[in-house]
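Let me begin by presenting the structure, written as structure tokens, before commenting on it.
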Amino acid sequence: MALPSETEAREIIARVLGQSRAESCRVSLGGGQSGNVRFARNAVSTSGATSNSTLVVQSSFGTRSGAARANAFDADTIARTVTASEELARLAPEDPEYMPPLGPQAYQPSTAWADATAAMDGARRANAARLGIEAARESGCVGAGFLEHGASASAIGNSAGLFAYERATSANYTVTMRTPDGTGSGFGTSDSHDASRLDVAAASRIAAKKANASRNPRAIEPGKYTVILEPAASVDLLQYLLFDMNARSADEGRSSFSRKGGTRLGEKLLDERVTIVSDPSDPLAPASTWDGDGRPVGRTTWIDRGTVQNLYYSRYWAARQKHDATPGPANFLMQGGSKSTEELIAGTERGILVTRTWYIRGVDPQTLLFTGLTRDGTFYIENGVIRHAVKNLRFNESPIVMLNNVDELGRPVRVSNAETALASVVPPMRLRDFTFSSLSDAV
Amino acid sequence: MTTRRDFVGTSSLALGLAMAPRLAHAAGVHGALTPIPRADKKALADVALNTARSRGASYADVRIGRYLNQSLSARETKIQGVNSSESYGVGIRVIADGTWGFAATSDVTPDGIARAATEAVAIARANAPLQSEPVRLAPQKGFGEVSWVTPIGKNGFDVPLAEKADLLLAAAAAALKAGANFFNGSIFLVNEQKYFASTDGSYIDQDVHRIFPNFTATAVDSTTGKFETRSALSSPMGMGWEYMAGSASGKTQGPTGTLYGWSYDMVEDAAAAARDARAKHSAKSVAPGKYDLVLDPSHLWLTIHESVGHPLELDRVLGYEANYAGTSFATLDKWQSKSFKYGSPKVNLYADKLEKGSLGAVGYDDEGVKTREWDLVKDGVLVNYQAIRDQVHMIGQTESHGCCYADNWSSVQFQRMPNVSLRAGTAPLTPAELIAKVERGIYIVGDGSFSIDQQRYNFQFGGQTFHEIRDGKIIGMLKDVSYQSNTQEFWNSASAMCDRRDWRMGGSFFDGKGQPGQVSAVSHGSSTTRFDGVNVINTARKI
Numbered sequence: 001m002a003l004p005s006e007t008e009a010r011e012i013i014a015r016v017l018g019q020s021r022a023e024s025c026r027v028s029l030g031g032g033q034s035g036n037v038r039f040a041r042n043a044v045s046t047s048g049a050t051s052n053s054t055l056v057v058q059s060s061f062g063t064r065s066g067a068a069r070a071n072a073f074d075a076d077t078i079a080r081t082v083t084a085s086e087e088l089a090r091l092a093p094e095d096p097e098y099m100p101p102l103g104p105q106a107y108q109p110s111t112a113w114a115d116a117t118a119a120m121d122g123a124r125r126a127n128a129a130r131l132g133i134e135a136a137r138e139s140g141c142v143g144a145g146f147l148e149h150g151a152s153a154s155a156i157g158n159s160a161g162l163f164a165y166e167r168a169t170s171a172n173y174t175v176t177m178r179t180p181d182g183t184g185s186g187f188g189t190s191d192s193h194d195a196s197r198l199d200v201a202a203a204s205r206i207a208a209k210k211a212n213a214s215r216n217p218r219a220i221e222p223g224k225y226t227v228i229l230e231p232a233a234s235v236d237l238l239q240y241l242l243f244d245m246n247a248r249s250a251d252e253g254r255s256s257f258s259r260k261g262g263t264r265l266g267e268k269l270l271d272e273r274v275t276i277v278s279d280p281s282d283p284l285a286p287a288s289t290w291d292g293d294g295r296p297v298g299r300t301t302w303i304d305r306g307t308v309q310n311l312y313y314s315r316y317w318a319a320r321q322k323h324d325a326t327p328g329p330a331n332f333l334m335q336g337g338s339k340s341t342e343e344l345i346a347g348t349e350r351g352i353l354v355t356r357t358w359y360i361r362g363v364d365p366q367t368l369l370f371t372g373l374t375r376d377g378t379f380y381i382e383n384g385v386i387r388h389a390v391k392n393l394r395f396n397e398s399p400i401v402m403l404n405n406v407d408e409l410g411r412p413v414r415v416s417n418a419e420t421a422l423a424s425v426v427p428p429m430r431l432r433d434f435t436f437s438s439l440s441d442a443v
Numbered sequence: 444m445t446t447r448r449d450f451v452g453t454s455s456l457a458l459g460l461a462m463a464p465r466l467a468h469a470a471g472v473h474g475a476l477t478p479i480p481r482a483d484k485k486a487l488a489d490v491a492l493n494t495a496r497s498r499g500a501s502y503a504d505v506r507i508g509r510y511l512n513q514s515l516s517a518r519e520t521k522i523q524g525v526n527s528s529e530s531y532g533v534g535i536r537v538i539a540d541g542t543w544g545f546a547a548t549s550d551v552t553p554d555g556i557a558r559a560a561t562e563a564v565a566i567a568r569a570n571a572p573l574q575s576e577p578v579r580l581a582p583q584k585g586f587g588e589v590s591w592v593t594p595i596g597k598n599g600f601d602v603p604l605a606e607k608a609d610l611l612l613a614a615a616a617a618a619l620k621a622g623a624n625f626f627n628g629s630i631f632l633v634n635e636q637k638y639f640a641s642t643d644g645s646y647i648d649q650d651v652h653r654i655f656p657n658f659t660a661t662a663v664d665s666t667t668g669k670f671e672t673r674s675a676l677s678s679p680m681g682m683g684w685e686y687m688a689g690s691a692s693g694k695t696q697g698p699t700g701t702l703y704g705w706s707y708d709m710v711e712d713a714a715a716a717a718r719d720a721r722a723k724h725s726a727k728s729v730a731p732g733k734y735d736l737v738l739d740p741s742h743l744w745l746t747i748h749e750s751v752g753h754p755l756e757l758d759r760v761l762g763y764e765a766n767y768a769g770t771s772f773a774t775l776d777k778w779q780s781k782s783f784k785y786g787s788p789k790v791n792l793y794a795d796k797l798e799k800g801s802l803g804a805v806g807y808d809d810e811g812v813k814t815r816e817w818d819l820v821k822d823g824v825l826v827n828y829q830a831i832r833d834q835v836h837m838i839g840q841t842e843s844h845g846c847c848y849a850d851n852w853s854s855v856q857f858q859r860m861p862n863v864s865l866r867a868g869t870a871p872l873t874p875a876e877l878i879a880k881v882e883r884g885i886y887i888v889g890d891g892s893f894s895i896d897q898q899r900y901n902f903q904f905g906g907q908t909f910h911e912i913r914d915g916k917i918i919g920m921l922k923d924v925s926y927q928s929n930t931q932e933f934w935n936s937a938s939a940m941c942d943r944r945d946w947r948m949g950g951s952f953f954d955g956k957g958q959p960g961q962v963s964a965v966s967h968g969s970s971t972t973r974f975d976g977v978n979v980i981n982t983a984r985k986i
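Note that the protein sequences, when read in sequence, are chains E and S.
Under the working numbering, the residue at position 200 of the first sequence is numbered 200, and the numbers go up by one with no gaps.
Under the working numbering, the residue at position 203 of the second sequence is numbered 646, and the numbers go up by one with no gaps.
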């Protein structure tokens with residue numbers, strides 16, 4: 001039973017709660033199947049399929065809690081897991097921040113399931129790899145790509161009567177094409193919960209075109225430049241901004257959302273064209289409608305026309321601060337304009353087009369300064385036209401600074417890059433004074 | 444790439460997130476600590492091998508794995524998470540029609556295993572038409588029934604929860620007493636019980652242990668609204684609870700404080716961290732420019748990892764990781780020239796899966812190859828890569844290096860970084876003697892920010908504490924320091940390394956690679972080393 005139905009999930013949770021001897025008990029379970037195919041050097045390298053389950057039982061006596069986790073739902077495993085969680089709870093120290101389980105909640109229905117994704121199999125995966133490899137061969141490139149899909153079900157329940165269940169699917173294709181001489185590299189991606197919306201061939205063609213166009217890049221002096229960040233180039237940096245919007249860290253004076261004597265809540269921190277929300281019912285990037293505590297998750301505006309509108313709270317911190325217990329972000333949705341990346345390029349006097357960024361890591365949490373590099377297609381734009389490829393560059397930049405230097409935002413699209421954790425919809429952006437600090441020889 | 448070290452998953456896979464447990468605190472099921480009888484595992488493994496063969500596989504291996512994790516976390520004076528898990532299942536890898544196929548299942552029954560083996564063969568067959576040449580495996584003799592166990596002094600899973608909690612709380616109390624406003628600490632334990640069998644005739648039972656204590660102390664200055672942090676100078680280790688003893692013989696007095704080798708004192712380090720975080724508030728902001736860097740092993744491990752470990756992975760060099768982790772500047776032509784100067788003549792870098800206490804140490808890798816040590820850079824010249832069974836023929840070698848790994852039964856094994864370390868200097872030299880010869884430099888302790896390009900040329904590293912050296916003496920603390928360099932230029936600037944007495948390991952508990960992403964744990968040893976004329980930038984900004 002890798003993918004439990006709602007009825008099965010209710011039954012498993014009821015069995016766990018029926019065996020519980022704790023003062024309160026919370027149960028979480030999940031199960032699903034995933035499959036992937038990977039190709040490199042224009043041939044399939046690995047391919048696989050996995051099915052797995054998760055069962056977590058958390059028992060509490062007073063404010064002492066313990067939890068046990070296993071990956072099966074049979075009677076023996078349930079009994080062992082319940083017993084183990086109770087033994088651990090009795091051994092655990094008191095938790096002064098303990099919060100009792102939530103009672104029943106009302107949830108929006110989840111829209112994150114697509115039958116087309118659940119129907120993916122080895123043959124369909126092989127076909128996707130074939131499309132990628134064919135695009136590479138036709139364009140004289142060497143292709144490396146990866147397609148992954150999954151279908152899962154999750155449920156939570158507790159001794160206070162709460163129950164939530166949902167199913168979700170995901171599908172993602174990324175491809176990097178390189179010229180055989182190693183002087184050009186291009187990237188393409190397609191991401192959706194619905195595999196029928198993936199366009200493997202188009203993403204592959206874009207990657208190949210960029211690879212051929214990025215050959216023999218010229219060096220430019222590091223410094224401040226107008227840039228057009230394609231969505232895959234900005235999504236990871238932007239998410240780090242959202243992940244820093246934890247109310248407790250801000251209140252405690254240890255995040256970029258802290259300020260002397262308080263937080264930046266209500267402060268106009270970014271350009272007024274910047275609005276960032278999360279909304280599980282978004283049609284492009286549907287997400288879970290409840291969080292790990294069982295709190296309902298709906299639409300939340302984090303940044304409203306440049307102003308910090310919300311921070312997210314744990315239930316404990318919300319109670320302590322007498323604030324609504326705003327759950328964390330379900331997905332990342334940044335609003336924008338109507339222009340495509342090509343139209344933004346056409347309106348650029350001088351600037352650098354960045355296809356993708358890489359290895360983004362924090363440098364200074366106070367200013368949310370990050371460093372990372374461009375890769376797989378970096379070009380110089382002059383008078384609205386791409387003139388030539390440029391060598392890759394290292395940047396040291398804060399998303400807070402970046403989003404104060406907005407020149408123009410384009411039309412948001414669904415996107416993911418190497419370390420994107422949330423389903424995301426992000427516009428291409430033209431930004432002034434983006435800080436490049438050194439050149440890289442990497443192609 | 445090394446993943447962010449805050450235990451927050453950064454997987455891009457929506458499925459992974461959806462399947463993640465919905466509760467924050469979890470602990471291992473007690474019964475899981477009892478090993479599964481070896482005869483039972485052998486019988487199940489034979490089901491996989493026989494099924495795969497009967498379906499037409501020319502090769503098959505099976506890994507029956509039970510993976511136990513336990514972590515405790517503390518926030519200030521509160522234990523906030525006892526977070527442990529058990530994962531049990533089987534992964535089956537086959538070659539059919541010259542192509543790899545893999546399937547994994549948590550249904551560890553003869554029927555479940557037979558189904559997975561059948562699916563693995565079907566997947567291989569589906570992909571065979573897309574294969575340009577059949578997989579070639581370096582020959583490997585079967586070892587029969589053998590076993591290997593991490594030589595631990597005390598199993599961390601057997602240590603009572605209360606003892607672990609008390610240690611974390613004592614460290615928190617020490618940090619808060621010494622001037623920290625906040626303390627976030629954790630102790631992470633891993634036990635991999637892995638049973639490997641292959642059609643080569645090996646049945647290998649291994650019991651692998653790892654431990655990682657870590658924390659961050661934060662000091663807020665309410666007058667300025669600024670905060671500074673200092674993280675632990677511990678290292679993740681392939682050891683048991685004995686690492687936490689803080690014994691005098693396992694640590695050393697460095698130029699600016701206590702440094703840790705085979706033994707770690709979390710309480711002592713927490714107090715020192717609080718003092719360092721406090722001191723950073725009044726430290727001088729660095730003047731950018733060229734400095735001679737003196738890098739402690741608690742820092743240098745990460746630079747070795749990123750600029751030597753990753754670029755010498757043969758799968759990267761060949762293009763198999765081009766779509767995610769990237770390729771490598773260390774191309775085959777450079778290696779074939781036998782004269783590519785990776786570093787100065789003093790630089791000797793080697794790989795191993797043997798070093799006692801290291802994260803990489805195992806008896807056999809995850810495709811049944813006995814582990815070993817080999818040179819990567821000898822007297823500054825690139826001499827070899829890291830390669831596994833289906834790769835070594837591409838560099839004209841006949842034996843795998845034994846560095847194949849999968850992070851779970853559900854993950855397919857592939858080439859992963861062994862321990863990669865810098866040999867100590869042969870002439871007697873202490874860190875104090877090394878610093879005494881530096882005119883204008885910075886001594887860096889602990890790992891901090893890290894980033895490197897996808898071919899491993901351009902990198903930028905921070906650290907935990909930075910100390911200004913003038914005319915052979917440390918004259919004070921600096922802040923806002925990061926250094927940028929190019930791998931070959933950097934290693935060619937290595938001018939002195941301390942002797943073996945100072946050789947210590949650091950490591951990564953969460954080194955990420957592959958698609959789907961997998962983590963692995965790997966150690967990197969070195970002694971304190973000097974690099975001349977490295978570019979240092981100032982990272983202070985205003986928002």
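Glycine is no exception: its CB is placed at the ideal position from the N, C-alpha and C atoms.
Q. Going straight from the alpha carbon of E/Leu-229 to that of E/Gly-186, what length do you get?
A. 15 Å
Q | Every unbroken alpha helix (DSSP H) inside the stretch 315-377 of chain E [4 residues or more] | A | 315-321, 341-346
Q: For E/Gln-366, return the contacting residues in chain S, with the cut-off set at a CB-CB distance below 7 Å.
A: Lys-669, Phe-670
**Q.** Beta-carbon proximity of S/Ala-571 to S/Thr-548, cut-off 7 Å
**A.** Not a contact, by the Cβ cut-off of 7 Å.
**Q.** S/Tyr-848 and S/Ser-677 closer than 7 Å at C-beta
**A.** no
Q. Does the separation of the CB atoms of S/Arg-500 and S/Ile-535 fall below 7 Å?
A. Note that residue 500 of chain S is Ala in the sequence shown here, rather than Arg. Here S/Ala-500 is not near S/Ile-535, since their CB atoms are 7 Å or more apart.
Q | Interface flag, S/Val-820 vs chain E, CB-CB below 7 Å | A | no
Q.
Looking at S/Ala-879: is its Cβ nearer than 7 Å to the Cβ of S/Gly-915?
A. Yes, Cβ-Cβ distance for S/Ala-879 and S/Gly-915 is below 7 Å.
Q.
What ranges does the beta strand (DSSP E) occupy inside the stretch 565-613 of chain S, keeping only unbroken runs of at least 3 residues that lie completely in it?
A. 587-592
Q. Are S/Phe-655 and S/Phe-952 closer than 7 Å when you measure CB to CB?
A. yes
Q: Tell me whether S/Ile-918 is buried or exposed, calling it buried when 16 or more other Cβ atoms sit within 10 Å of its Cβ.
A: exposed
Q) In terms of alpha-carbon separation, which member of S/Trp-946, S/Ala-794, S/Ser-892, S/Gly-976 lies closest to S/Ser-928? A) S/Gly-976
Q: With DSSP as the reference, label S/Ile-916 as helix, strand or coil.
A: Per the sequence shown, residue 916 of chain S should be read as Lys rather than Ile. In the structure shown, S/Lys-916 sits in a strand (DSSP, three-state: E or B).
**Q.** Chain-ordered chain E contacts of S/Tyr-767 [CB-CB under 9 Å]
**A.** Ala-144, Phe-146, Thr-174, Thr-176, Ala-418
**Q.** DSSP state of E/Thr-81 mapped onto helix, strand, coil
**A.** helix
Q: Put E/Ser-440 into one of helix, strand or coil per three-state DSSP.
A: In the three-state scheme derived from DSSP, where H, G and I count as helix and E and B as strand, E/Ser-440 is classed as coil.
Q: Can you grab the Cα-Cα spacing for the pair E/Thr-301 / S/Ala-768, in whole Å?
A: 34 Å
Q: Take S/Ala-469 and list the residues in its own chain whose beta-carbon comes closer than 7 Å to its own, dropping the five residues that flank it on each side.
A: Interpretation of S/Ala-469 is limited by its pLDDT of 35, a score under 50 that renders its predicted location unreliable; the figure taken from the coordinates is listed afterwards. Excluding residues up to 5 positions away in sequence, Asn-526, Ser-527, Ser-528 lie with their Cβ nearer than 7 Å to the Cβ of S/Ala-469 in the same chain.
Q: Kindly list, in the order they appear in chain S, the residues whose Cβ is closer than 8 Å to that of E/Gly-48.
A: Gly-544, Phe-545, Ala-546, Ala-547, Ala-563, Ile-566, Val-855
Q. CA-CA distance, E/Leu-344 and E/Leu-439?
A. 25 Å
Q) For E/Asn-212, which of E/Thr-378, E/Arg-10, E/Leu-431 has the nearest alpha-carbon? A) E/Thr-378
(Q) Between the stretch 965-984 of chain S and the stretch 347-358 of chain E, can you find at least three pairs of beta-carbon atoms closer than 8 Å? (A) no
(Q) Can you tell me whether E/Pro-427 is helix, strand or coil according to DSSP? (A) coil
(Q) Using the three-state DSSP reduction, which class does E/Glu-221 fall into: helix, strand or coil? (A) coil
Q) Residues in its own chain within less than 6 Å of S/Leu-702 by CB, not counting five upstream and five downstream? A) Thr-695
Q | With 16 other Cβ atoms within 10 Å as the buried cut-off, status of S/His-836 | A | exposed
Q) For chain E, is any of its Cβ atoms less than 7 Å away from the one on S/Arg-984? A) With a threshold of 7 Å between beta carbons, S/Arg-984 makes contact with chain E.
Q: Return the chain-ordered ranges of every beta strand (DSSP E) run that is complete within the stretch 206-251 of chain E and spans a minimum of 3 residues.
A: 223-229
Q. For E/Arg-125, does the count of other Cβ atoms within 10 angstroms reach 16, so buried, or fall short, so exposed?
A. buried
Q: Measure from the C-beta of S/Asn-959 to each C-beta in chain E and report whether the shortest distance is under 7 Å.
A: Note that residue 959 of chain S is Pro in the sequence shown here, rather than Asn. Chain E, which has a Cβ nearer than 7 Å to the Cβ of S/Pro-959, makes this yes.
Q | Nearest candidate by alpha-carbon position, reference S/Arg-913, set S/Met-948, S/Leu-877, S/Ile-895, S/Thr-930 | A | S/Leu-877
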